[in-house]
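Participant: One structure coming up, written as structure tokens, with questions to follow.
Residue numbers (the working numbering): 588 to 975.
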């Protein structure tokens, strides 16, 4: 054979009954016993839990039955992975009762578990399909063996589609769960950092002044009869310390939750923050009603942090800034803009990245547009929740 003949020759034919084909045939033959077990379990679980649903053990039995269905689905994914080469991710497991917030939240999560219900549907439709595929595969081994590889491939393609469609986790649901878990971690970390900051400010500020004040008043009391003028001077000094301690406590309380926000809402609170900024700030709040306290508090602190950044960079060319707050449908929008030099970076480690994480924790959105030399525009979105 010449080189040209070798180049034009067709590729070698793959054996019809290769290892993959025999695995597919084994899968079809095992469909009936596996489907029979799953069908009997599912029917028995639904009948038993449904019949006892009028009693106190009916719903817990239903939740436990769906957990068992999850395990059947896990075994089906293992079988499909070993014999059909179908790679399906495992769904997120249900949290135990102590992590779900107690027995009743866990019970409700178990009853409405979409993974368990999809497995129940899978097991119910598998029995007639298992009978059909078992019969065809077994008959084909003796009668249809020349075309059995092609028949097996067609039947197992249906099995692959069923496994992917009913036993794979919901991408959107899994993504949402991951976001909520991440958001919960951010909220916990932020709350812990705020508590440490408050404790540090109290310990290093107001508490230290109050200790010094108590010691000074004690010395003044001892000198009151012996040296009235010296005692009066010490009392006067203590009076100044009281004023400073009160101012520090007011600043600390304003940092936790300002009274003006509680009493008069976002418009007045943001105007108060804007008056302390080192550049002129225009504030426009267009809200027909006040949002929920949590959303209102987050909005206040986001704008406050952004205006602090404007003050910090006021010497870099910023001559003015604006704050806009309005509602659009089910979202509360915040927009803070300045005419500084721009170049703000919202990457990890910056204050803007921290704000973005705090907003994501409550299902919010945080975007920064800050080209060099063209100022900075920060837009934040929060879910709107009205006051109860």
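Each residue gets a CB set at the ideal place from its N, CA and C atoms; glycine is no exception.
1. Once DSSP output is grouped into helix, strand and coil, what is the label at residue 865?
2. Please report the Cβ distance between residue 923 and residue 946, rounded to the nearest whole angstrom; I am assuming they are in contact, meaning their Cβ atoms lie under 8 Å.
3. Kindly confirm or deny that the stretch 696-704 and the stretch 725-732 touch, where touching means at least three C-beta pairs closer than 8 Å.
4. Please name the residue, chosen from 878, 954, 909, that lies closest to residue 919 on a Cα-to-Cα basis.
5. For the alpha helix (DSSP H) that contains residue 606, what are its first and last residues?
6. Assuming contact is defined by CB atoms lying nearer than 9 Å, are residue 926 and residue 962 in contact in what I supplied?
7. The alpha helix (DSSP H) with residue 967 in it runs from where to where?
8. Sort out for me which residues DSSP pairs residue 915 with in a bridge.
9. Residue 716 to residue 651, Cα distance in whole Å?
10. With a 10 Å radius around its C-beta and 16 neighbouring C-beta atoms as the bar for buried, classify residue 644 as buried or exposed.
11. Here's a check: name, in chain order, each residue in its chain whose Cβ is nearer than 7 Å to the Cβ of residue 591, leaving out the five neighbours to either side.
12. Please report the residue range of the beta strand (DSSP E) in which residue 641 lies.
13. Rounded to whole angstroms, what is the Cα-Cα separation between residue 940 and residue 872?
14. Per the DSSP calculation, residue 743 is bridged to which residue(s)?
15. I'd like to know whether the C-beta atoms of residue 930 and residue 898 end up nearer to each other than 9 Å.
16. Taking just the CA atoms, how far does residue 709 sit from residue 700?
17. Are the CB atoms of residue 615 and residue 679 within a distance shorter than 9 Å?
18. Which residue from 736, 630, 639, 622 puts its Cα closest to that of residue 666?
19. Can you give the Cα-Cα distance for residue 862 and residue 855, rounded to whole angstroms?
20. In terms of alpha-carbon separation, which member of 746, 677, 653 lies closest to residue 693?
21. For residue 631, is the classification buried or exposed, using 16 other Cβ atoms within 10 angstroms of its Cβ as the cut-off for buried?
22. Helix, strand or coil for residue 908 per DSSP?
Facilitator: In this structure, then:
1. For this step, residue 865 is matched to residue 278 along the chain shown. Here DSSP, grouped into helix, strand and coil, assigns residue 865 to coil.
2. Against the chain shown, residue 923 aligns to sequence position 336. Against the chain shown, residue 946 aligns to sequence position 359. About 13 Å separates the two Cβ atoms, so there is no contact after all.
3. In short, these stretches do not touch, since the Cβ pair count stays below three.
4. Mapped onto the chain shown, residue 919 falls at position 332. For residue 919, the nearest C-alpha among the options comes from 878.
5. Start at 1 with the first residue of the chain shown, and residue 606 comes out as number 19. Taken as a continuous stretch (DSSP letters only), the alpha helix (DSSP H) holding residue 606 covers 606-638.
6. As a working note, residue 926 is residue 339 in the chain shown. As a working note, residue 962 is residue 375 in the chain shown. A contact, by the Cβ cut-off of 9 Å.
7. Indexing the chain shown from 1 puts residue 967 at position 380. Judged by DSSP secondary structure, residue 967 falls outside any alpha helix (DSSP H) and instead within the beta strand (DSSP E) spanning 963-970.
8. Locating residue 915 in the chain shown gives position 328, where the first residue counts as 1. Answer by DSSP bridge pairing, in chain order: 918.
9. Taking the first residue of the chain shown as position 1, residue 716 is located at position 129. Taking the first residue of the chain shown as position 1, residue 651 is located at position 64. C-alpha of residue 716 to C-alpha of residue 651: approximately 27 Å in a straight line.
10. Translated into the one-based positions of the chain shown, residue 644 becomes position 57. Here residue 644 is exposed: its Cβ has fewer than 16 other Cβ atoms, across all protein chains shown, within 10 Å.
11. The residue you call residue 591 lines up with position 4 of the chain shown. Because residue 591 carries a pLDDT of 46, less than 50, the predicted location of this residue cannot be relied on, and the following value inherits that uncertainty. Sequence-distant partners of residue 591 (beyond 5 residues in either direction) whose C-beta falls short of 7 Å from its own C-beta are missing from its chain.
12. In the chain shown, counting from the first residue as 1, residue 641 sits at position 54. It is not in any beta strand (DSSP E) - residue 641 carries neither H nor E in the DSSP assignment.
13. As a working mapping, residue 940 is identified with position 353 in the chain shown. As a working mapping, residue 872 is identified with position 285 in the chain shown. So the alpha carbons of these two residues sit roughly 25 Å apart.
14. Indexing the chain shown from 1 puts residue 743 at position 156. None, per the DSSP bridge assignment.
15. For the purposes of this step, residue 930 is taken as residue 343 along the chain shown, with counting starting at 1. For the purposes of this step, residue 898 is taken as residue 311 along the chain shown, with counting starting at 1. Not in contact: residue 930 and residue 898 (Cβ atoms no closer than 9 Å).
16. Start at 1 with the first residue of the chain shown, and residue 700 comes out as number 113. Start at 1 with the first residue of the chain shown, and residue 709 comes out as number 122. Note on geometry: alpha-carbon atoms of residue 700 and residue 709 lie some 14 Å from one another.
17. To locate residue 679, count along the chain shown from 1; it is residue 92. To locate residue 615, count along the chain shown from 1; it is residue 28. No, these two residues do not count as a Cβ contact at 9 Å.
18. Locating residue 666 in the chain shown gives position 79, where the first residue counts as 1. With distances taken between Cα atoms, residue 666 lies closest to 622.
19. Stepping through the chain shown from its first residue, residue 862 is reached at position 275. Stepping through the chain shown from its first residue, residue 855 is reached at position 268. Cα to Cα, the separation comes out at about 11 Å.
20. Indexing the chain shown from 1 puts residue 693 at position 106. Checking every option, the nearest Cα to that of residue 693 belongs to 653.
21. As a position in the chain shown, residue 631 is number 44, starting the count at 1. By the neighbour-count criterion, in which 16 or more other beta carbons inside 10 Å mark a residue as buried, residue 631 falls on the exposed side.
22. As a position in the chain shown, residue 908 is number 321, starting the count at 1. Under the three-state reduction of DSSP, residue 908 is assigned to strand.
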